[in-house]
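First the structure, in the form of structure tokens, and then the observations on it.
Protein chains: 2
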Amino acid sequence: MTLLHRVNRHGAVIPDPSALPNEPVDFGSKLQASLEIWRDKGHRSVLLELPIHLSELIPVAVKAGFAFHHSNAQELTLLRSLTAEPVFVPSATHTVGAGAVVINDQQELLVVWEATERNNPNRYKLPGGYVDPGEHIGTAVEREVLEETGVHARFEAMVCVRHWHVNLFGSSNLYFICQLTPLTEEIRDLDPEIHDVKWMPVKDYLASDEIYPFNQRVVEMALRGDGMSTGNLEGYARSPEEVEIFFQP
Amino acid sequence: MTLLHRVNRHGAVIPDPSALPNEPVDFGSKLQASLEIWRDKGHRSVLLELPIHLSELIPVAVKAGFAFHHSNAQELTLLRSLTAEPVFVPSATHTVGAGAVVINDQQELLVVWEATERNNPNRYKLPGGYVDPGEHIGTAVEREVLEETGVHARFEAMVCVRHWHVNLFGSSNLYFICQLTPLTEEIRDLDPEIHDVKWMPVKDYLASDEIYPFNQRVVEMALRGDGMSTGNLEGYARSPEEVEIFFQP
Numbered sequence: 001m002t003l004l005h006r007v008n009r010h011g012a013v014i015p016d017p018s019a020l021p022n023e024p025v026d027f028g029s030k031l032q033a034s035l036e037i038w039r040d041k042g043h044r045s046v047l048l049e050l051p052i053h054l055s056e057l058i059p060v061a062v063k064a065g066f067a068f069h070h071s072n073a074q075e076l077t078l079l080r081s082l083t084a085e086p087v088f089v090p091s092a093t094h095t096v097g098a099g100a101v102v103i104n105d106q107q108e109l110l111v112v113w114e115a116t117e118r119n120n121p122n123r124y125k126l127p128g129g130y131v132d133p134g135e136h137i138g139t140a141v142e143r144e145v146l147e148e149t150g151v152h153a154r155f156e157a158m159v160c161v162r163h164w165h166v167n168l169f170g171s172s173n174l175y176f177i178c179q180l181t182p183l184t185e186e187i188r189d190l191d192p193e194i195h196d197v198k199w200m201p202v203k204d205y206l207a208s209d210e211i212y213p214f215n216q217r218v219v220e221m222a223l224r225g226d227g228m229s230t231g232n233l234e235g236y237a238r239s240p241e242e243v244e245i246f247f248q249p
Numbered sequence: 001m002t003l004l005h006r007v008n009r010h011g012a013v014i015p016d017p018s019a020l021p022n023e024p025v026d027f028g029s030k031l032q033a034s035l036e037i038w039r040d041k042g043h044r045s046v047l048l049e050l051p052i053h054l055s056e057l058i059p060v061a062v063k064a065g066f067a068f069h070h071s072n073a074q075e076l077t078l079l080r081s082l083t084a085e086p087v088f089v090p091s092a093t094h095t096v097g098a099g100a101v102v103i104n105d106q107q108e109l110l111v112v113w114e115a116t117e118r119n120n121p122n123r124y125k126l127p128g129g130y131v132d133p134g135e136h137i138g139t140a141v142e143r144e145v146l147e148e149t150g151v152h153a154r155f156e157a158m159v160c161v162r163h164w165h166v167n168l169f170g171s172s173n174l175y176f177i178c179q180l181t182p183l184t185e186e187i188r189d190l191d192p193e194i195h196d197v198k199w200m201p202v203k204d205y206l207a208s209d210e211i212y213p214f215n216q217r218v219v220e221m222a223l224r225g226d227g228m229s230t231g232n233l234e235g236y237a238r239s240p241e242e243v244e245i246f247f248q249p
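So the sequence lines, in the order shown, correspond to chains Z and A. Here the first sequence is numbered in the numbering used here, starting from 1 and rising by one per residue. Here the second sequence is numbered in the numbering used here, starting from 1 and rising by one per residue.
Shown next as structure tokens:
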């Protein structure tokens, strides 16, 4: 008798977390017996998902040859190969952020000054922030603009991608700079992490010594209006929420 | 006396993994005492990095109020807020891949047929694969083309970005399709995961019913040659290995 499990299309055995013995010694002996049977059946690997309330089982799994694979706050997944070759199972490697170039009819750019950067001479930055898990980039950048400035704006195009390897915990960061059209102009400084928000004449922004040259360059690109826009391909995904595609104009 | 630690610029306490007591009861009492002192000092959170050989300390940390945060194969990091508010510390949310449109002087496209897709009628695909941690996208796509086909090619531009939320373990996938110029043409089928490689006339690829419409569309975009190319900004990063920026042409 093995631990209750399913096998995915890559030959990985995935035990049912809700059916695991919660007593470490009992779990250890059943896991050991299961590993032998799964190996004999030719399965390639085991992905063991442990909810945090079963964290006492983690040292048992490590003793049985598992390595950590990935986790979220409430669950750790461990991986063990059943063959002589190492098994590659992809896990998340990148954080993702989005920044907004929002320019109004008076050729003014929406800029924010973060509360944590009071002493930074390059103080006015583009609004933006992290993309939530499962969230489209276009949706994320509209949300961040609204949260940080109170301005409603519509995603138009992606104008620049920055890929940076200096980041927390060895993961890299992808930063997508997007061009948006403002639908409202009233500034409401809602986010406590934002010290100031204003509409700044684009020509002042581009001429200022206090703005990062990178930001000036992406604003110039957005002004040209030839970024990548999102497009649909009929029948490509089950729903528009599933996939977001950026095409050249 | 607290556990040996440093404090990062966000007010997070990070204990030194090499100085942790490896006996669970001893660790538990010292952790509890340290948490009280760190809270009194006004620190915001604790990021506890546990190497896999100290996995017996994980259940102790969970009992002390820690949640899982992220992991790699050999280390699990747990997070605990020291304030009433929850603390957001970003962790990786995305896997990243790159695909290649490689077209030679005879208007032929380099395509691969994966060994795992023997029965798939849409069998010829663009070469590509996962971007390694810390690797530039331009480097990754050149490497994947070489590994899968034996062809040396040079990154020219990014022509399409696909953001897909249907992926392993709740992480989303970003897929960057790039245009490359071949530097050699000889096919050497080196990768055991590849069943066949060939140069296929672009007009046949675009006319075929057996090719995904998405792939046909990105090849059309690459033919137009107006994708985002990489550019340097003087003084922006400490080294070219640190950051990769894709700009509109």
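C-beta: ideal position from N, C-alpha, C; glycine also.
Is the separation between the beta-carbon of residue i and that of residue j shorter than 8 Å?
i, j, result
"A:L78", "A:A67", "yes"
"A:G170", "A:V131", "no"
"Z:L31", "Z:A61", "yes"
"A:I177", "A:G99", "yes"
"Z:P182", "Z:L110", "yes"
"Z:V46", "Z:R6", "no"
"A:L48", "A:P21", "no"
"A:L180", "A:V112", "no"
"Z:A64", "Z:G28", "yes"
"Z:I137", "A:R162", "no"
"A:V87", "A:R143", "no"
"A:S34", "A:T83", "no"
"Z:P57", "Z:P17", "Contrary to the premise, residue 57 of chain Z reads as Leu rather than Pro in this sequence. No, Cβ-Cβ distance for Z:L57 and Z:P17 is not below 8 Å."
Using three-state DSSP, classify residue i as helix, strand or coil.
i, result
"Z:Q216", "helix"
"Z:K41", "coil"
"Z:M1", "coil"
"Z:T93", "coil"
"Z:H53", "helix"
"A:A12", "strand"
"A:S239", "coil"
"A:T83", "coil"
"A:V60", "helix"
"A:T256", "This structure cannot speak to residue 256 of chain A, because chain A is shown only from 1 to 249."
"Z:T184", "coil"
"A:F155", "strand"
"A:V252", "Nothing can be reported for residue 252 of chain A: it is not among the residues displayed for chain A, which extend from 1 to 249."
"A:P17", "helix"
"A:V131", "coil"
"Z:L126", "coil"
"A:F247", "strand"
"Z:I211", "coil"
Any beta-carbon of chain A closer than 8 Å to the one on residue i?
i, result
"Z:G227", "yes"
"Z:L174", "yes"
"Z:E52", "The sequence as given places Ile at residue 52 of chain Z; Glu does not occur at that position. So yes, Z:I52 belongs to the interface."
"Z:S171", "yes"
"Z:E75", "yes"
"Z:R6", "no"
"Z:V96", "yes"
Step through the CB atoms of chain Z and report whether any lies within less than 8 Å of the CB of residue i.
i, result
"A:Y205", "no"
"A:A153", "no"
"A:G99", "no"
"A:Y124", "no"
"A:T93", "yes"
"A:H69", "yes"
"A:I137", "yes"
"A:N22", "no"
Show which residues of chain A have a CB atom less than 7 Å away from the CB atom of residue i.
i, result
"Z:S286", "Since the first residue of chain Z shown is 1 and the last is 249, residue 286 of chain Z is not available in this structure."
"Z:N120", "Ordered by position in chain A, no residue passes the 7 Å Cβ test against Z:N120, which lies about 13 Å from the chain."
I want to verify the contact list: residues of chain Z whose CB lies under 9 Å from the CB of residue i, in sequence order.
i, result
"A:V243", "R162, H163, W164, H165 and V166"
"A:P213", "L233, E234, G235 and Y236"
Mind pulling the chain A residues with CB within less than 8 Å of residue i?
i, result
"Z:V87", "Per Cβ cutoff of 8 Å: no residues; Z:V87 is ~11 Å from chain A at best."
"Z:Q248", "V159, C160, M221, R224, D226 and G227"
"Z:V25", "Those within 8 Å of Z:V25 in chain A number zero; the least Cβ separation is about 14 Å."
"Z:V13", "Under the 8 Å cutoff, chain A gives no residues; its nearest Cβ is about 15 Å from Z:V13."
Chain Z partners of residue i, CB-CB under 8 Å?
i, result
"A:R217", "L233 and F247"
"A:G134", "H165, G170 and S172"
Taking C-beta pairs closer than 7 Å, name the residues in chain Z that residue i reaches, listed in chain order.
i, result
"A:V202", "Per Cβ cutoff of 7 Å: no residues; A:V202 is ~17 Å from chain Z at best."
Under 8 Å, with one C-beta from each stretch per pair, do the region 143-156 of chain Z and the region 220-239 of chain A reach the 3-pair mark? Segment contact: the region 143-156 of chain Z against the region 220-239 of chain A, fewer than three CB-CB distances shorter than 8 Å; contact not assigned.
Would you be able to state if there are at least three C-beta pairs under 8 Å between the region 185-197 of chain A and the region 115-128 of chain A? yes
With a cut-off of 8 Å, do at least 3 Cβ pairs link the region 75-89 of chain Z to the region 42-61 of chain Z? These segments touch.
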